[in-house]
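Colleague: In full-length UniProt numbering, the protein residues as written are 1 to 468. Don't be surprised by glycine CBs; every beta carbon is placed ideally from N, CA and C.
(1) Tell me the rounded alpha-carbon separation between residue 518 and residue 352.
(2) Nearest to residue 462 by CA position, among 392, 337, 439 and 420, is which residue?
(3) Which same chain residues end up closer than 6 Å to residue 339 when comparing Cβ atoms and leaving out the 5 residues on each side of it in sequence?
(4) Of all the beta strand (DSSP E) runs that stay within the bounds of the segment 347-424, which reach a length of 3 or more residues?
(5) With burial defined as no fewer than 16 other Cβ atoms inside 10 Å of the residue's Cβ, what is the status of residue 152: buried or exposed?
(6) Specify, as a first and last residue, the run of the beta strand (DSSP E) that residue 336 falls within.
(7) Thinking C-alpha only, which one of 440, 428, 451 and 393 is nearest residue 141?
(8) Contact check, residue 316 vs residue 361 under 8 Å by CB: the rounded distance?
(9) Using C-beta distances below 7 Å, list every residue in its chain close to residue 253, excluding the 5 sequence neighbours before and after it, in chain order.
(10) Exposed or buried, which one is residue 446 when buried takes at least 16 other CB atoms within 10 Å?
(11) Using alpha carbons as the reference points, say which of 160, 169, 214 and 427 lies closest to residue 469.
(12) Rounded to a whole number of angstroms, what is the C-alpha to C-alpha distance between residue 431 and residue 439?
(13) Any idea if residue 134 is buried or exposed, counting beta-carbon neighbours within 10 angstroms, 16 or more meaning buried?
(14) Taking a contact to mean a Cβ-Cβ separation below 8 Å, would you say residue 295 touches residue 335 in this structure?
(15) Any chance you could list the beta strand (DSSP E) runs of at least 3 consecutive residues sitting entirely within the segment 267-296, in chain order?
(16) Would you mind reading off the limits of the beta strand (DSSP E) that contains residue 175?
(17) Quick check on DSSP: helix, strand or coil for residue 457?
(18) Taking DSSP as the reference, what is the three-state secondary structure of residue 249?
(19) Please go through the same chain and pick out, in chain order, the residues whose beta-carbon is closer than 6 Å to the beta-carbon of residue 349, but skip the five residues on each side of it.
(20) Are the CB atoms of residue 307 and residue 449 nearer to each other than 8 Å?
(21) Report the rounded CA-to-CA distance for residue 387 versus residue 132, giving the unit in angstroms.
(22) Between the C-alpha atoms of residue 136 and residue 236, what's the straight-line distance to the nearest angstrom?
(23) Hey, how far is the Cα of residue 329 from the Cα of residue 234?
(24) For a test of the three-state rule: what should DSSP assign to residue 314, helix, strand or coil?
(25) Under the rule that 16 or more other beta-carbon atoms within 10 Å means buried, what is residue 458, buried or exposed?
(26) If we count the other Cβ atoms within 10 Å of its Cβ and call it buried at 16 or more, is residue 211 buried or exposed?
(27) Which residues mark the beginning and the end of the beta strand (DSSP E) in which residue 222 is found?
(28) Quick one: using the 10 Å Cβ neighbour count with 16 as the cut-off for buried, is residue 441 buried or exposed?
(29) Once the 5 residues before and after residue 75 are set aside, which same chain residues still bring their CB inside 6 Å of it?
(30) Would residue 389 be called buried (16 or more neighbouring beta carbons within 10 Å of its own) or exposed?
(31) If I'm right that residue 310 touches residue 284 with Cβ under 8 Å, what's the distance once you round it to whole angstroms?
(32) On a Cα-Cα basis, can you pick out the residue from 369, 354, 410 and 414 that is closest to residue 217?
(33) Hey, how far is the Cα of residue 434 from the Cα of residue 444?
(34) Near residue 402, which residues of its chain fall below 8 Å by C-beta distance, leaving aside the five closest residues on each side in sequence?
(35) I need the DSSP call for residue 155, collapsed to helix, strand or coil.
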C-alpha cells in the first residue's frame, strides 16, 4: 500500500485521467495509459484517441487466474464508496460513482483496448505492468519522479495479496507526471517517504487523535493553507489573500520551502499537526493535488477552490455538506465570506467539518479502497481485446523484491502498510450504474448548493458596500 496515498498512486486514472473539461484526443490509436500523478512536476502529454471496439465481449480474452485457495461467497452488501450518491444524507455516504462505475471509462469502454505498448508523441510512459495468474511483471521505460512508480506497484502487490486468485489477467501502462495523458468527459494519493507522509491507515489514526485533542471551537478562527505556490498561477493568486497591514481576508497562508524542510527533517510538515485552524483551504497545484484527503480529514471546514481535476472520491462530495465552495475568480472575498459565515454559524460550520472528517475516517478505510481498486481493475480488464502475455523485457516483482532493497522510511512504510494475510471474504458487490434521472437530480443538487453560496456571498458584499 502506498504510504501517503492508497497503494495505487493514481488509481483513479484507470478512469482515463480526466479533468472537468472536454474530451481531447489525437490521431493515433493507442493502448490506454494510466497517469500516476502527484503535484509539483512538469509538462503535459499529447492525448491519444480511444482504441477500437471488440466485435464481441466474449472475445476479449479476459481470464481470471486460478489458485488453490478458496474464498467464501461474495458478501452481498452495498459498499459505502460504491453506493448511490443520493444516499449522501445517510450515515454512510457514497462518493465514488456519482456517474456510475460503468461510465468511468467514457469513450474507452465501447471501443475496447487493442494490444500495444504505448509510444506517445512525447515519449514512452514511465512503466508498464502485467498481471498473469496472480503474478506481477514490470517493464520500466524511464525514471519516475521520487517514488511514484514504487508505491503504485506496491499497491498492486498488496491487492494481489489481499485477493489471491481474484485479480484478473491484465496489462497497464503508467505515466508518472502530473498532467493527464488521456482527457475524458467530466472526470485521481501520492506516496512520499521523501517528505515523510505516513501510510494511510497510520495517518488516519494521527488525524483522529489530533482532532480529538484540538476541538474545532478551540482552533484559530481563520483559513489556513500551506504549500508550494510556485507550481501554479492559481496558487500565486491565492497568496494575494494573505493578511497584510492594509487588509485581512481571514486567510493565513504559508509558502512551503521543501528544500529547507528536507534539511531539517520535515519538522514543520507533519500533516496531523497542521489541523490547528477552523478552516483549511484546498487549491490545486500544477494539476490535481495530493492534499485534498488530508485537508478533509482535519475536522476543519474545508474551503475548496473550484477544481478542474478530481480525486476518485470527490465527485460524491456535496457542497455545504462536506465542504464550502470557493470562487476561483474571486478567491479573497470568497474566503473572507466563508470564514465570516462560519464564525457566525459555528454549529453549522462545525457540522460540515465533522461530516467531511467522518467520511475520510469511515468511508475511505483501506478495506474499502482496496475493494474499489479490485472492481476498477476488473472493469478495465473487460476492455482488453487480447490475452495479456509477459513482455520480453518485463521482470517479475514480489513483496520481497521490493522490501529487501528498500532503506529508511521507504522500508519502514512498506512494512507498515503491507497486507498481512489474504482476506477470507470476497470483495463487496458492485451496484448497477445510476439511471439518467437519478444522476441529474444529484448533479442539480450540487449545482444548486454552489449557487446558493454565491447568492449569500453576493448579498453580503452588496450590503457591506451599501453601508460604505
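Modeller: Let me spell this out:
(1) The structure shown does not extend to residue 518, since the chain spans only 1 to 468, so no value can be given for it.
(2) Cα-wise, what sits closest to residue 462 is 337.
(3) Shown here for residue 339: same chain residues with a beta carbon closer than 6 Å to its own, the five before and five after excluded, namely 223, 250 and 279 in chain order.
(4) Runs of the beta strand (DSSP E) inside the segment 347-424: 395-397.
(5) Here residue 152 is buried. Its C-beta has 16 or more other C-beta atoms within 10 Å.
(6) No beta strand (DSSP E) holds residue 336; the alpha helix (DSSP H) holding it covers 331-344.
(7) In this structure, 393 is the residue among 440, 428, 451 and 393 with its C-alpha nearest to the C-alpha of residue 141.
(8) Residue 316 to residue 361, Cβ: 16 Å. No contact.
(9) Cβ within range, chain order: 225, 238, 239, 241 and 242.
(10) Burial call: buried.
(11) The structure shown does not extend to residue 469, since the chain is modelled only from 1 through 468, so no value can be given for it.
(12) C-alpha separation (whole angstroms): 14 Å.
(13) Label assigned to residue 134: buried.
(14) Going by C-beta atoms, residue 295 is not nearer than 8 Å to residue 335.
(15) The segment 267-296 contains these whole beta strand (DSSP E) runs: 277-282.
(16) Segment 170-175, the beta strand (DSSP E) holding residue 175.
(17) In this structure, residue 457 counts as helix in the three-state DSSP scheme.
(18) Three-state DSSP puts residue 249 in coil, outside helix and strand.
(19) Excluding five sequence positions before and after residue 349, the CB atoms of its chain that fall closer than 6 Å to its own CB belong to 301 and 342, given in chain order.
(20) Taking 8 Å as the Cβ cut-off, residue 307 and residue 449 do not qualify as a contacting pair.
(21) Spanning the two alpha carbons is a distance of roughly 10 Å.
(22) One C-alpha to the other measures close to 42 Å.
(23) Cα atoms of residue 329 and residue 234: separation of roughly 9 Å, rounded to the nearest angstrom.
(24) In the structure shown, residue 314 sits in a helix (DSSP, three-state: H, G or I).
(25) With fewer than 16 other Cβ atoms inside 10 Å of its own Cβ, residue 458 counts as exposed.
(26) It is buried - the Cβ of residue 211 has at least 16 other Cβ atoms within 10 Å.
(27) That run of the beta strand (DSSP E) goes 220-227.
(28) Burial call: exposed.
(29) Here the model assigns residue 75 a pLDDT of 34, short of 50, so the residue's position is not dependable, and the following value carries that caveat. Once the five neighbours on either side are set aside, the close Cβ partners of residue 75 are 425.
(30) With fewer than 16 other beta carbons inside 10 angstroms of its own, residue 389 counts as exposed.
(31) Contact flag wrong, Cβ pair sits at about 10 Å.
(32) Ranked by Cα distance from residue 217, the first of 369, 354, 410 and 414 is 354.
(33) The straight-line gap from Cα to Cα measures roughly 15 Å.
(34) These residues qualify, in order along the chain: 150, 153, 154, 157 and 414.
(35) Three-state result, residue 155: helix.
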